[in-house]
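For the sequence shown, position 62 matches number 133 in the working numbering, and the numbering has no gaps at all.
The next block holds one structure in the form of structure tokens; read it before the comments.
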Amino acid sequence: MTGSVSAQPDPSMIGGVPKAPFVLLPNPARLFARRAERFAALAAASPMAPYLRFLEAIARMQSDLATTSPRPAASDVERMAQARGNGMPPLDRLRFAAAPGLSAVLTDFIARCEPIDKPLAAAEALRTVREADTPSRSSMIEHVLRDTIPPEELAPHLYVTAALQVFAALAAASLDASELVPVAVGVCPACGGLPVSSLVVGFQGAEGVRYAVCSCCSTQWNEVRIKCLACGSTKGIGYREIEGGEEATVKAEVCDACESWVKILHQNKNASLDPVADDVASLGLNVLMRDSVYRPAGINPFLIGY
Ligand SMILES: [Zn+2]
Ligand SMILES: [Zn+2]
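In structure tokens, the structure reads:
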């Protein structure tokens, strides 16, 4: 088990081997608490320590928020739901913006972030979000949901992103995993979001199985081990890493068919790897890839600009 998701193992067996579940829905409070721990561990040995410690505090507040916020009511989830049966994910992330409850969650999160020890720029950004009028907040929420955050406005959007991650994870956690089906290559079957990265997991019943992780709602879904998450190609796939070669636990999976790349994290070799925290901490890989022909296909709003 990764510990941050509620596995709902399929009881069916194939040749005596348990079948890995298609999706792992998030356990929001635990997921963000573990992320905070991972940010703290990574900060201890990173030149990015100040930023990682700030994100540790953010993840801790996300965990607190997830603990105290109610799960969206069934009627709210229904309002966020798309028409089923036409190959669409059950949650329409673009409808989150108008969902009752999101505004309160964001206001709550902003208040929780006040006491966090933070750089001056982050403090100013928090004031910007706190003082933003309703249309401005709505515009920021739209930017996050549409993956169109202006790079020069990353700081205020970071808080909106963090609150939305909690809101979306709570909504995803209320879904029935058995009803989720694949919708498209590299697309979250719960909310339609793009992956932040993918994991090769090591928990019992799914050793060596790969899951893509939604950048929006944190749902994890099974994908073929060697496959481009942008175009679906299984040919022309290669790997890049900073160091460690074969043994590296964080790699860029590159695709020659569409010239894109997404990180793949080997949780089966290091169970503490986190799809968001380790993505941020392995910024060096993004810098390396920036000089390549490949374009990033993963989304991590905490790393905008790379
Ligand atoms: Zn999702
Ligand atoms: Zn591709």
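From the three backbone atoms N, C-alpha and C, an ideal C-beta is built for every residue, glycine too.
- In this structure, the CA atom of C326 is about 14 Å from the CA atom of V256.
- Distance check between Y122 and each of R208, A319 and A193 places A193 closest, using alpha-carbon atoms only.
- The beta carbon of D350 sits closer than 7 Å to those of V267, S268, K334, N371 and L374, all from its chain and outside the five residues before and after it, given in chain order.
- If only complete runs of 4 or more residues are kept, the segment 79-135 shows the alpha helix (DSSP H) at 99-114, in order along the chain.
- In this structure the segment 283-290 lies against the segment 236-248, because at least three pairs of beta carbons, one per stretch, are closer than 8 Å.
- Sequence-distant partners of T199 (beyond 5 residues in either direction) whose C-beta falls short of 6 Å from its own C-beta, in its chain, are P227.
- Under the three-state reduction of DSSP output, A368 falls in the coil class, being neither helix nor strand.
- Spanning the alpha carbons of G158 and W292 requires a straight line of approximately 16 Å.
- Here R217 is exposed: its Cβ has fewer than 16 other Cβ atoms, across all protein chains shown, within 10 Å.
- Residue burial is scored here from C-beta neighbours: A234 has at least 16 other C-beta atoms within 10 angstroms and is therefore classed as buried.
- Boundaries cannot be given for P171, as no alpha helix (DSSP H) includes it and DSSP labels it neither H nor E.
- Considering only V272, L354 and A239, the residue with the shortest C-alpha distance to L162 is A239.
- In its chain, beyond the 5 residues on either side, I181 have a beta carbon closer than 6 Å to the beta carbon of R201.
- Not one heavy atom of ligand 1 is found less than 8 Å from the C-beta of T219.
- The Cβ atoms of V237 and A169 lie no closer than 9 Å to each other.
- Ligand 2 never approaches S268 closely enough for any of its heavy atoms to be under 8 Å from the residue's Cβ.
- Secondary-structure assignment with DSSP links Q236 through no beta bridge to anything.
- Per DSSP, reduced to three states, the secondary structure at N339 is coil, with no helix or strand assignment.
- Take the alpha-carbon of N339 and the one of I297: they are about 15 Å apart.
- The way I'd put it, the segment 124-142 doesn't touch the segment 271-285; fewer than three beta-carbon pairs between them come closer than 8 Å.
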